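Residue numbers (my numbering), protein chains in the order written: chain F, 44 to 134; chain U, 38 to 279; chain B, 96 to 296.
Where is the CB? At the ideal position from N, CA and C, for every residue including glycine.
If you're wondering where the values come from, they're calculated on a predicted model, not measured in any experiment.
Taking it in order: structure first as structure tokens, then the write-up.
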């Protein structure tokens, strides 16, 4: 089967469950400021590559890696260094 | 806390030759919003486990939870859910998930829903919610399918439109059209959106869902046409099994 | 054991005991595509492969120059950290021993770097001695961009994330520089036979 590159690309909605595990609250409507280009996007809008040894989240505006999430051996390894700031509800 | 729950398959509804809805009895369902999804987890006897996300098709008012699944020929999970699963079987899932691609009826802005293939599923939850609470929010669905036989929820959509309560549906069939077809017969493009979408001045709320190429193309065309990017919400569907 | 989905078998995964199968792996017959970003598309007339870093004179090959190097056909088993293994994969490429011929360096480590930004690190001795290739054909066909073409690394004795797709070059370094996945939970070395998947394994 030839997999089109565009087929491999999803968005933050696809990792809604994973982010709930990590943050314990709903995160798809959180707003993240890209550390590389400064633009703000809802997590639901960010580009997500899931067919990898881990999840890679990229800024939809500039393509820079915003987050990397690996889950294995009962641990998470999370790199958020591509997000300067994330804003979400405390309710 | 998002925990895994076991639902019981109560009914299987064949929507099209390749698509079926699984209607589940959930013992402890906390309720959901239109547009949210669930993660379904399947486990084989040797412990092999894999997950897939499916949009919730049922309205929040429905006492039973429905998901609509397209059976992919080379899929790993969909041929199991639509093909092997029997009434009475249990399905492990967690949810509801999603806070961004959701529609709350309190938002009275005119609604434009654009769906491709199984991307219509979360949009249908929105349409069903709207009908259940008898909302008259002006709503337009532009729905792209390969052929008439592939239109999911076709009869129900016709029925809801005939209520004449502010819902209209425009279909486009991209591969095959029946004789005498009066709808659109091509991929969604700027001209089609120009005819179907609410005028910019009405500041509609827009949801686009389907395969990544369709979602990206429609969203960027709408932005080019001058619709506020902040009012456009997108959800991409795609294969996630490696 | 938790809930079992009655009747679910999943894709064909052969776990029959085999001395060729590292622990925790299963055999697949298709060829899964894994990706951390958009597929780079590099026109051959712009493609370059370099060896740089702790080296007197960096080396560089254009596609034409690269294709003039002696090639080998190798058949190898590959093992992905996501648990699938594929036996008897056929490749055509240039041995790293050929690439590094005549290179004198004090470096003990290397970094593979790719078009698109991916990196992965290994000791220099894991790239030499007939253990690594820069390959451009899979099963006799030009390597498809989805699978890392025009050229990728092939280092089959380690988990396949250590074989960078869309390879752009090798940097020889004195100190180890963990790469894209090694800095985010994946094992620094990655030996499938010792099941070195994650930090601490």
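Considering only residues of the same chain and omitting the five flanking positions on each side of residue i, which have a CB-CB separation below 8 Å?
i, result
"residue 220 of chain U", "207, 208, 209, 210 and 214"
"residue 45 of chain F", "Residue confidence for residue 45 of chain F is low, a pLDDT of 36 falling below 50, so the modelled location carries little weight; the figure read from the coordinates is stated next. Within the same chain, residue 45 of chain F has no close Cβ partners at all."
"residue 47 of chain F", "Its pLDDT being 45, under 50, residue 47 of chain F is placed unreliably in this model, and the value from its coordinates should be taken loosely. Same-chain partners within the cutoff: there are none."
"residue 108 of chain B", "121, 122, 123 and 179"
"residue 279 of chain U", "Residue placement at residue 279 of chain U is poorly supported in this model, since its pLDDT is 34, which falls under 50; the coordinates are not used for a value here."
"residue 224 of chain B", "192"
"residue 256 of chain B", "175, 176, 215, 276, 281 and 285"
"residue 78 of chain F", "107, 109, 124, 125, 126 and 127"
"residue 116 of chain B", "110, 122 and 180"
Please work out which residues of its chain come closer than 7 Å, Cβ to Cβ, to residue i, disregarding the five sequence neighbours upstream and downstream, and give them in chain order.
i, result
"residue 294 of chain B", "280 and 282"
"residue 100 of chain B", "none"
"residue 122 of chain F", "110 and 111"
"residue 194 of chain B", "146 and 229"
"residue 345 of chain U", "One cannot answer for residue 345 of chain U here, as it falls past the ends of chain U, which runs 38 to 279."
"residue 153 of chain B", "145, 146 and 147"
"residue 205 of chain U", "177 and 198"
"residue 119 of chain U", "57, 106 and 108"
"residue 50 of chain F", "Annotation note: pLDDT 49 at residue 50 of chain F (below 50); position unreliable, no value reported."
"residue 168 of chain U", "197"
Could you pull the start and end residues of the beta strand (DSSP E) that residue i belongs to?
i, result
"residue 232 of chain B", "228-233"
"residue 112 of chain F", "108-115"
"residue 69 of chain U", "Element bounds for residue 69 of chain U: n/a, residue is neither H nor E."
"residue 148 of chain B", "143-148"
"residue 117 of chain U", "Careful: residue 117 of chain U lies outside any beta strand (DSSP E), inside the alpha helix (DSSP H) at 115-118."
"residue 172 of chain B", "167-174"
"residue 193 of chain B", "Careful: residue 193 of chain B lies outside any beta strand (DSSP E), inside the alpha helix (DSSP H) at 191-194."
"residue 54 of chain F", "52-54"
"residue 120 of chain F", "118-122"
"residue 248 of chain B", "247-249"
"residue 200 of chain U", "Here residue 200 of chain U belongs to no beta strand (DSSP E), and DSSP marks it neither H nor E."
"residue 84 of chain F", "83-85"
Once you ignore the five residues that flank residue i on each side, which residues in its own chain have a CB closer than 6 Å to its CB?
i, result
"residue 90 of chain U", "74 and 76"
"residue 70 of chain U", "139"
"residue 158 of chain U", "92, 94 and 105"
"residue 270 of chain U", "138 and 244"
"residue 234 of chain U", "149"
"residue 260 of chain U", "266"
"residue 78 of chain U", "88 and 129"
"residue 173 of chain U", "202 and 203"
Determine the chain F residues that contact residue i at a beta-carbon separation under 9 Å, and present them in chain order.
i, result
"residue 281 of chain B", "96, 97, 113, 115 and 120"
"residue 45 of chain B", "This structure does not reach residue 45 of chain B, given that chain B is present from 96 up to 296, and the question cannot be answered."
"residue 276 of chain B", "95, 96, 97, 111 and 113"
Comparing the C-beta of residue i with each C-beta of chain C, is any distance below 8 Å?
i, result
"residue 97 of chain B", "Within the model displayed, chain C is absent; protein chains F, U and B are what it includes."
What residues from chain F crowd round residue i, counting only those whose CB sits closer than 8 Å?
i, result
"residue 272 of chain U", "54, 56 and 87"
"residue 156 of chain B", "Per Cβ cutoff of 8 Å: no residues; residue 156 of chain B is ~27 Å from chain F at best."
"residue 256 of chain B", "96"
Name, please, each residue of chain F whose Cβ falls closer than 7 Å to the Cβ of residue i.
i, result
"residue 76 of chain U", "60"
"residue 130 of chain B", "51, 92, 94 and 95"
"residue 292 of chain B", "115"
"residue 177 of chain B", "96"
So which residues of chain B does residue i contact, with C-beta pairs closer than 8 Å?
i, result
"residue 81 of chain U", "99, 100, 103, 104 and 105"
"residue 43 of chain U", "98"
Could you tell me which chain B residues have their CB closer than 7 Å to the CB of residue i, listed as they occur along the chain?
i, result
"residue 87 of chain U", "105"
Which two residues bound the contiguous alpha helix (DSSP H) that contains residue i?
i, result
"residue 153 of chain B", "From DSSP, residue 153 of chain B is part of no alpha helix (DSSP H); its letter is neither H nor E."
"residue 274 of chain U", "Here residue 274 of chain U belongs to no alpha helix (DSSP H); instead the beta strand (DSSP E) covers 269-274."
"residue 161 of chain B", "158-161"
"residue 92 of chain U", "Note, residue 92 of chain U: premise wrong, no alpha helix (DSSP H); beta strand (DSSP E) at 86-92."
"residue 188 of chain U", "Here residue 188 of chain U belongs to no alpha helix (DSSP H), and DSSP marks it neither H nor E."
"residue 169 of chain U", "157-169"
Below 9 Å on C-beta distance, what does residue i contact in chain B?
i, result
"residue 127 of chain U", "98, 100 and 101"
Exercise. Taking contact to mean at least 3 C-beta pairs separated by less than 8 Å, is the segment 101-116 of chain U in contact with the segment 61-68 of chain U?
Worked result: yes
Exercise. For the segment 101-118 of chain B, which residues have a CB atom closer than 8 Å to at least one CB atom of chain U, in sequence order?
Worked result: 101, 102, 103, 104, 105, 106, 108 and 110
Problem set entry | Contacting positions in the segment 84-101 of chain F - beta carbon closer than 7 Å to chain B | From the segment 84-101 of chain F, only 92, 94, 95, 96, 97, 99 and 101 have a Cβ closer than 7 Å to chain B.
Exercise. Just by C-beta distance, which residues in the segment 51-72 of chain F are closer than 8 Å to chain B?
Worked result: For the segment 51-72 of chain F, the residues whose beta carbon sits under 8 Å from a beta carbon of chain B are, in order, 51 and 52.
Exercise. Can at least three beta-carbon pairs, one atom from the segment 145-153 of chain U and one from the segment 105-118 of chain U, be found at a separation below 8 Å?
Worked result: no
Exercise. Does the pairing of the segment 114-134 of chain B with the segment 176-183 of chain B give three or more beta-carbon distances under 8 Å?
Worked result: yes
For this session: Check whether the segment 74-88 of chain F touches the segment 52-62 of chain F, taking contact to mean three or more Cβ pairs, one atom from each stretch, closer than 8 Å.
Result: Between the segment 74-88 of chain F and the segment 52-62 of chain F, the count of C-beta pairs closer than 8 Å reaches three or more; the two stretches touch.
Exercise. Quick one: any contact between the segment 59-78 of chain F and the segment 100-110 of chain B, if contact means 3 or more CB pairs under 8 Å?
Worked result: No, because fewer than three Cβ pairs between the segment 59-78 of chain F and the segment 100-110 of chain B fall closer than 8 Å, the two stretches do not touch.
Exercise. Does the segment 172-189 of chain U touch the segment 40-56 of chain U, meaning 3 or more C-beta pairs lie closer than 8 Å?
Worked result: yes
Exercise. Using 8 Å as the threshold, is the segment 161-177 of chain B in touch with the segment 211-221 of chain B, meaning 3 or more CB pairs across them?
Worked result: The count of Cβ pairs closer than 8 Å, one atom from the segment 161-177 of chain B and one from the segment 211-221 of chain B, stays below three, leaving the stretches out of contact.
For this session: Give a yes or no on contact between the segment 264-280 of chain B and the segment 231-239 of chain B, applying the rule of three or more CB pairs nearer than 8 Å.
Result: no
Exercise. In chain order, what residues of the segment 93-120 of chain U put their CB closer than 7 Å to some CB of chain B?
Worked result: 113 and 117
Exercise. Going along the chain, which residues of the segment 249-261 of chain U sit with their C-beta nearer than 7 Å to a C-beta in chain F?
Worked result: 249 and 250
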